[in-house]
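The structure under discussion appears below in the form of structure tokens.
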Amino acid sequence: MWGALAVLLWGLEGATPRTAFWRAWLWGLAAWGLALHWFVRVSLEFAAGPWAWRLTLALGVIAYHGLMLAIASAGAVWTSRRLAAAGWEPHGALAVSFIPWLAAGEGLYPQVYPACVAATQLNHLPAVQSLDLWGAGGLSLLVMVTNAGLYAAFRLPSAATRRRALAAAAAALLVNEGYGLVRLRAGAASAAG
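To convert, count from 1 in the sequence shown and add 475; that's my numbering.
This is the structure we're talking about:
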């Protein structure tokens with residue numbers, strides 16, 4: 476997930492809010508389809524009703540979850556277009572606009588299976604150690620900022636600005652990773668001692 480949203484941002488370039496909505500919904504359908512693959516099997520096996528109803532239920536939940544990303548992306552494109560009209564560089568405006576829209580969507584959108592961007596890091600122990608500092612929202616925000624920085628590092632017109640964006644994204648990622656490694660070592664040392 477540390478780069479997947481950057482790819483989505485690239486796909487939103489030059490889009491209208493309506494086009495961004497549909498592109499992001501397709502992206503969200505794929506992402507949630509992968510994340511909830513187990514739900515399709517569980518629905519087909521254990522839900523009541525005919526097979527077609529059970530499949531529709533499962534796919535409907537996946538489509539509903541994908542809507543959050545579609546709404547956030549449309550909002551980000553809408554905001555970035557206004558910032559660009561006010562003189563901002565368009566790629567930078569999109570990167571900056573995406574973060575609060577996705578954070579708000581993740582925090583406010585009612586989900587059937589509550590999950591956040593931070594949950595994508597559960598299998599990587601160093602990344603999740605910072606949960607004790609700022610919770611799941613903070614780790615999600617870190618992933619979002621890193622993705623926006625990666626996107627900006629490849630799309631901004633100035634080489635110096637691209638380097639600064641890449642350095643900021645790398646620094647955020649490395650600081651979090653370093654903190655996680657220190658916490659894991661401290662935990663192992665206290666368990667051994």
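Cβ atoms here follow ideal geometry from the backbone N, Cα and C, with glycine treated the same way.
Its chain contains 566 as the residues whose beta carbon lies nearer than 6 angstroms to that of residue 630, once the 5 sequence neighbours on both sides are disregarded; these appear in chain order.
Rounded to whole angstroms, residue 533 and residue 550 show a C-alpha spacing of 27 angstroms. Inside the region 514-572, DSSP marks whole alpha helix (DSSP H) runs of 4 or more residues at positions 526-560, from first to last along the chain. Rounded to whole angstroms, the separation of the alpha carbons of residue 569 and residue 641 is 16 angstroms. Each residue's CA atom was taken as its position, placing residue 633 and residue 506 some 32 angstroms apart. Taking C-beta separations shorter than 6 angstroms and ignoring five residues to either side along the sequence, the partners of residue 477 in its chain run 621, following chain order.
Residue 635 and residue 646 have their C-alpha atoms roughly 16 angstroms apart. Between residue 529 and residue 538, the C-beta spacing is not below 7 angstroms.
A straight line joining the alpha-carbon of residue 628 with that of residue 665 spans about 40 angstroms. Put simply, the backbone Cα of residue 546 is about 28 angstroms away from that of residue 527. The Cβ atoms of residue 487 and residue 502 lie no closer than 7 angstroms to each other. Residues of the same chain with their beta carbon placed closer than 7 angstroms to that of residue 556 are lacking, with the five preceding and five following residues left out of the count. Annotation: residue 596 to residue 603 spans about 6 angstroms, alpha carbon to alpha carbon. In terms of CA proximity to residue 614, 582 leads the group 516, 582 and 552. In this structure, 536 is the residue among 607, 524, 536 and 637 with its C-alpha nearest to the C-alpha of residue 586. If you check the CB distance, residue 656 and residue 644 do not come in under 7 angstroms. In this chain, residue 593 is not harboured by any alpha helix (DSSP H), its DSSP state being neither H nor E. A direct Cα-Cα distance of roughly 37 angstroms separates residue 562 from residue 653.
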